[in-house]
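Comments concern the structure below.
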Amino acid sequence: MASMIPSKRPPEEDPSISSKKPKQGVDQERIQKMLAEARARAAAVAAKLNNNARASAPSSASPTPPPAPPPPAAQSAADRIAAMRARVSGAVSRSSGLAAGGPPRPPLSAYRREEPDIEEASKARGGLDVGLHPALLGDGGDAGSAKRGKGGIPPKFATTMANRRAKGKSGKKQLEIQGPSADMTDPTKNPYFDPNLASKVVAPRRISKALAFNQKGKYIEQANALRRQAALEAMKKRIAEAARKVGIDEDMHADKAFAREPPPEIEWWDQGLTTAPSYETITPESLLISAADTIVTHYVQHPVLLAPPQDQLAPPMKPFPLTKKEQKKVRRQRRAEALKEKQAKVRLGLEPPPPPKIKKSNLMRVLGEEAVKDPTAVEARVNREIKERHEGHLKANEERKLTKQQRHEKLAANQEKDLARGIHVLVFRIETLANGRHRYKININAEQLALTGICILNPKFNLVIVEGGIHSITKFRKLMVNRIDWKESITARERIKGVEGDAGAEEEGQAVDMTKNMCTLVWEGEVRQKGFKRFTTERVPSDALARERLERAKMEYMWTQTKNAVAKEG
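By the UniProt record's numbering, the letter at position 42 of the sequence shown is numbered 42, and the numbering carries on one by one without gaps.
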């Protein structure tokens, strides 16, 4: 440590400051005096420590070495201070050793090893044959590391793996958990040993169990199974009690009553193929496959495919409606195609070329010189051709028209197609039919629309039932609900004539109140088959006769339903 303290250099002599030399001599005297006082104090402390050591440990083997003689005056002040510090440290070490009861420790200089050469130390401590920095060499580095509590120079790097290895080497060892030793398990040495615990091994660590949840409905199923078992046992007891009362053998098990029937000797679908009574007795001779009346042949039967009935009820697809502009375009394209076809036939010679179409606007261009020579004859010719073309057009239209019989046939065919898609029924209740025009409209429209049904005239109310296709039924419904004015007053002639048996028709000459007259739709729907052959009008004075008349068509319930319909409204 003395090598690290630089010695004071004497100031250079300068003739200009000769007056300061006497002051330097005074400082030297003070330093010498202070050193002498320090030596005296150190000697007194050492003597006192030696006396205490002799009194406490008179049998110590090694005597205390005498204090080192004071250094000569020729030594420098720095050397003397270093020597004094060495003696003080030696004395402290000896005092600590004596207090512990052991031999005195040698001075610190005895434990110091000779310092190697600076170059050798730098090569030994540095890695990759690289020397250390001069500031890291010598006692200064050791002193710094001693202050930090480390034994050597810290590494130049710090990594996670290096720290982990260092911790692993200096860390504490984990406690090893082992089973009981031989001395503990010996009953002669350990009177408290329990042999029941000898087979148990100490677990290194307790492992917690994972949560195991029960499935939903687990205990419900178990409870249901127990209930079924209990019900089965109770049923067995009841059957046994009943059998015991009847006199049946008690040994018969109740489960036999629920046993399935044994299979037949031969199934019904095989009885026509063999004459054997059972499958076990079947032989090649008993088979009826090659016989004359066998049901097995070499022909393959293909059943006739029937169209599904719902397809017949589906309405036909209607053509997509076109605008006026689209209709003209379609007509123009159709006429152009017909003209091209006609022109192709003329080119091939299949048809003669048509004569030129002469009009008053183009006669001069078509006829040319003829029109100039005799204009009157040309004009008459043009008028004649125009008239012929017009008459031909009218004749073609008349030929395309259907006759009256053809129109009726076409209408009947359409009505049959309409009826084939389903039979629909309408039931009306009319309070009074005293007006003859109402009766005429009902009859004539039912006839024209090919509807069948009946119109019952009763003093209480009138019933109208019609049946037919959906198209005809829709038109008749509009007639009854919208078109006819049921509150129209009757004329004087109709009032005089009257209607016998009609609801609202009173004595001749009396007026009929039509303000309360109304037509109500009681029921509408679809039926499987018709109940009437044609539409008729009948006068029925009583309810019993009305039900009897409707019973033929299996519609007697319609009278009751119609009778109660308006009663609810009123």
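Virtual Cβ for every residue (Gly too), placed ideally from N, Cα, C.
Rounded separation between residue i and residue j - CA only
i, j, result
"residue 570", "residue 540", "Bear in mind that a pLDDT of 37 at residue 570, under 50, signals an unreliable position, so the number given afterwards is only what the model happens to contain. Roughly 24 Å separates the two Cα atoms."
"residue 349", "residue 328", "32 Å"
"residue 528", "residue 564", "25 Å"
"residue 441", "residue 408", "20 Å"
"residue 32", "residue 50", "27 Å"
"residue 460", "residue 438", "17 Å"
"residue 506", "residue 513", "Confidence is the limiting factor: at residue 506 the pLDDT is only 43, short of 50, which leaves the residue's position unreliable and the question unanswerable from this model."
"residue 573", "residue 277", "No statement about residue 573 is possible, as the shown extent of the chain runs from 1 to 570 and does not include it."
"residue 478", "residue 446", "12 Å"
"residue 444", "residue 471", "16 Å"
"residue 240", "residue 231", "14 Å"
"residue 182", "residue 219", "51 Å"
"residue 335", "residue 397", "17 Å"
"residue 402", "residue 358", "33 Å"
"residue 27", "residue 90", "30 Å"
"residue 468", "residue 270", "51 Å"
"residue 43", "residue 84", "11 Å"
"residue 545", "residue 551", "10 Å"
"residue 263", "residue 289", "24 Å"
"residue 406", "residue 400", "12 Å"
Simplified DSSP state of residue i, which is helix, strand or coil
i, result
"residue 467", "strand"
"residue 390", "helix"
"residue 330", "helix"
"residue 139", "Annotation note: pLDDT 49 at residue 139 (below 50); position unreliable, coordinate value reported separately. Of the three classes helix, strand and coil, the one that applies to residue 139 here is helix, per DSSP."
"residue 462", "strand"
"residue 476", "helix"
"residue 294", "coil"
"residue 87", "helix"
"residue 275", "coil"
"residue 358", "coil"
"residue 484", "coil"
"residue 452", "strand"
"residue 419", "helix"
"residue 348", "helix"
"residue 433", "coil"
"residue 402", "coil"
"residue 567", "Only weak support is given to the placement of residue 567: the predicted model assigns it a pLDDT of 45, under 50, and the question is left unresolved by the model."
"residue 339", "helix"
"residue 287", "strand"
"residue 211", "coil"
Enclosing beta strand (DSSP E) for residue i [first to last residue]
i, result
"residue 522", "519–527"
"residue 430", "423–430"
"residue 538", "535–539"
Proximity of residue i and residue j at Cβ, strictly below 9 Å
i, j, result
"residue 297", "residue 287", "no"
"residue 466", "residue 521", "no"
"residue 476", "residue 449", "yes"
"residue 454", "residue 323", "no"
"residue 523", "residue 543", "no"
"residue 562", "residue 463", "yes"
"residue 355", "residue 346", "no"
"residue 279", "residue 295", "no"
"residue 35", "residue 77", "yes"
Opening and closing residue of the alpha helix (DSSP H) in which residue i lies
i, result
"residue 548", "543–551"
"residue 436", "436–448"
"residue 185", "182–185"
"residue 307", "Premise fails: residue 307 is in no alpha helix (DSSP H) and is neither H nor E."
"residue 367", "363–367"
Inset, instruction - Check whether the stretch 551–559 touches the stretch 528–540, counting contact only when three or more Cβ pairs, one atom from each stretch, lie closer than 8 Å. - result: yes
Legend entry - Touching by the beta-carbon criterion (3+ pairs, under 8 Å), the stretch 430–444 and the stretch 371–383: no
Inset, instruction - Count the C-beta pairs between the stretch 310–324 and the stretch 409–425 that are closer than 8 Å, then say yes if the count reaches three, no if not. - result: yes
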